[in-house]
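Shown next, in C-alpha cells, is the structure this report addresses.
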Amino acid sequence: MNFIEEPISFNCEQETLAGILVKPDRPASIGLIVIVGGPQYRAGSHRQFVLLTRALAAAGIAALRFDYRGMGDSTGEARGFDSVTSDIGAAIDAMQNHLPCIKTVALWGLCDGASAALLYCDKTKDRRVRGLCLLNPWVRSEASLARANVKHYYTRRLRQKEFWIKLFSGQVARAAVTGLWRNVRLMGSIGTTTVVRREFTFQQQMARGWRDFDGVIQLLLSDEDYTAKEFLEFSKFDPAWAGLLSDGKVARHDFCGTDHTFSDAASRSRAEELTVEWLQKHIAG
Numbered sequence: 235m236n237f238i239e240e241p242i243s244f245n246c247e248q249e250t251l252a253g254i255l256v257k258p259d260r261p262a263s264i265g266l267i268v269i270v271g272g273p274q275y276r277a278g279s280h281r282q283f284v285l286l287t288r289a290l291a292a293a294g295i296a297a298l299r300f301d302y303r304g305m306g307d308s309t310g311e312a313r314g315f316d317s318v319t320s321d322i323g324a325a326i327d328a329m330q331n332h333l334p335c336i337k338t339v340a341l342w343g344l345c346d347g348a349s350a351a352l353l354y355c356d357k358t359k360d361r362r363v364r365g366l367c368l369l370n371p372w373v374r375s376e377a378s379l380a381r382a383n384v385k386h387y388y389t390r391r392l393r394q395k396e397f398w399i400k401l402f403s404g405q406v407a408r409a410a411v412t413g414l415w416r417n418v419r420l421m422g423s424i425g426t427t428t429v430v431r432r433e434f435t436f437q438q439q440m441a442r443g444w445r446d447f448d449g450v451i452q453l454l455l456s457d458e459d460y461t462a463k464e465f466l467e468f469s470k471f472d473p474a475w476a477g478l479l480s481d482g483k484v485a486r487h488d489f490c491g492t493d494h495t496f497s498d499a500a501s502r503s504r505a506e507e508l509t510v511e512w513l514q515k516h517i518a519g
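Okay, so the sequence shown: first residue is 235 according to the working numbering, each after it adds one.
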C-alpha cells in the first residue's frame, strides 16, 4: 500500500513536540505509537523506528514516531522514561487529530520505551490503548543486574578451565572473586525489602500496568541481550510479576542470536513482521 510521511508538531504542557506521521492511503482503525528508549530521538538506533513505521504503513497501519520533550527537535527540558506520560498522551491525541479514523492505538517500545508504555497504562488507564508491543523491557535494579550477571556471566566463567588455571596461578585478580561474591549477595534481595515504602517502585508500577491492562501484549526478547536476561530473571523472582508472562493475553517471541536493538537485518525484519501480523490479528479480532 502507498503511504506518505508527514512532519507534524503538537503541544505537550506548553512545549512543542516534533514527530513524523506515516500515513497509508487507507489507514486501519488502529494506529501505532513508537515510544522511544532514551536518550535518543525518533529515528532510533540504525534507523530502526523509521523502517518499522514504513513497514507498518505499507501494511495499512498508520504509525507515529516522535521526540519527547527535550529530545531531538522537541522543546523543553529532557526527562527520563518514568516522566513521559504526558508526552505519550499528547502523541495519541495528535495521531487522532490528524487521522480521525484512528479509534484505538498500540504502543510499541524498546528497552525503557517499553517500560514507559507500561507506566503510561498504569497511570492513565487510557482506553484508547488496546495493544502493547514490548521489546527487552528495562527493569534495572542492583539485585536484578546481579542475578543476571551471576547466571549468565559468572556461571559460564566458572565452567571454563582457563578461569581456574588463572585463579590458582594468581592471574585472576582478587577483585574478580570479590565481584562475584558481591553479586551473589545482591541477587538475594530480589523480591525482598528491608524498608516499608509508601510508594511503589517503577518496576512494581510496570507490573501493575501489565496486570491491569485488558488489551493484548506482544513480548519480543533478544537472547544476546543482558537487559532481556535481567527482565526474565526479575519477573521470576519479584512477587509483583508472578504469572504475568504466562498470561493468556501475552504472545512471546524469543530471538536467537539477536542483540538489544535487533540491529541485524534479519532480526529487525522479523520484529517488523511480527508486529504487523500481531496488529492485523488484533484488528481482525
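Yeah, the Cβ is synthetic: ideal placement off N, Cα and C, and Gly gets one too.
For the beta strand (DSSP E) that contains residue i, what are its first and last residues?
i      : result
Ser243 : 237-246
Gly343 : 338-344
Arg299 : 297-300
Ala252 : 249-258
Gly190 : Residue 190 lies beyond the residue range present for the chain, which begins at 235 and ends at 519; the question has no answer from this structure.
His487 : 484-489
Leu454 : 450-456
Leu266 : 264-269
With 16 as the cutoff for other CB atoms within 10 Å, does residue i come out buried or exposed?
i      : result
Glu467 : buried
Arg502 : buried
Lys524 : Here the chain covers residues 235 to 519 and nothing more, so residue 524 does not appear.
Thr509 : buried
Thr428 : With a pLDDT of only 44 at Thr428, under 50, the local geometry of the prediction cannot be trusted, and no value is derived from it.
Gln437 : buried
Gly365 : buried
Ile238 : exposed
Ala325 : buried
Ser480 : exposed
Asp472 : buried
Ser349 : buried
Asp356 : buried
Cys246 : buried
Phe489 : buried
Trp415 : Summary for Trp415: the model assigns pLDDT 46, below 50, so the residue's position carries little reliability; its value from the coordinates is reported in the next sentence. Its Cβ having fewer than 16 others within 10 Å, Trp415 is exposed.
Phe244 : buried
Phe447 : buried
Lys515 : exposed
Phe465 : buried
Is residue j closer than 8 angstroms to residue i when the C-beta atoms are compared?
i      : j      : result
Arg288 : Val318 : no
Phe315 : Leu251 : no
Ile264 : Thr358 : no
Arg303 : Asp327 : no
Leu352 : Gly443 : yes
Gly449 : Val363 : yes
Cys345 : Gly271 : yes
Met305 : Pro273 : yes
Gln248 : Thr495 : no
Asp459 : Asn370 : yes
Gly253 : Leu298 : yes
Met235 : Ala312 : no
Leu478 : Arg445 : yes
Asp360 : Gly323 : yes
Hey, quick one: how far does the alpha helix (DSSP H) through residue i stretch, first residue to last?
i      : result
Asp446 : 436-446
Arg288 : 282-292
Phe468 : 460-471
His332 : 319-332
Since residue i contacts residue j with CB under 8 angstroms, what's their CB separation in whole angstroms?
i      : j      : result
Ile295 : Pro258 : 7 angstroms
Leu511 : Leu286 : The sequence given here has Glu at residue 511, not Leu. Not a contact, Cβ separation roughly 14 angstroms.
Ala474 : Ala441 : 4 angstroms
Trp372 : Ile267 : No, Trp372 and Ile267 are not in contact; Cβ-Cβ is about 18 angstroms, not under 8 angstroms.
Ser456 : Thr492 : 4 angstroms
Leu454 : Val484 : Not a contact, Cβ separation roughly 11 angstroms.
Taking 7 angstroms as the cut-off, is the beta-carbon of residue i closer than that to any non-hydrogen atom of the ligand PLP?
i      : result
Ile238 : By its list of ligands, the structure shown contains no ligand whatsoever, and the ligand PLP lies outside what it can speak to.
**Report entry** Three CB pairs or more closer than 8 angstroms across the stretch 329-337 and the stretch 272-280
**Finding:** Fewer than three pairs of CB atoms, one per stretch, sit closer than 8 angstroms, so the stretch 329-337 makes no contact with the stretch 272-280.
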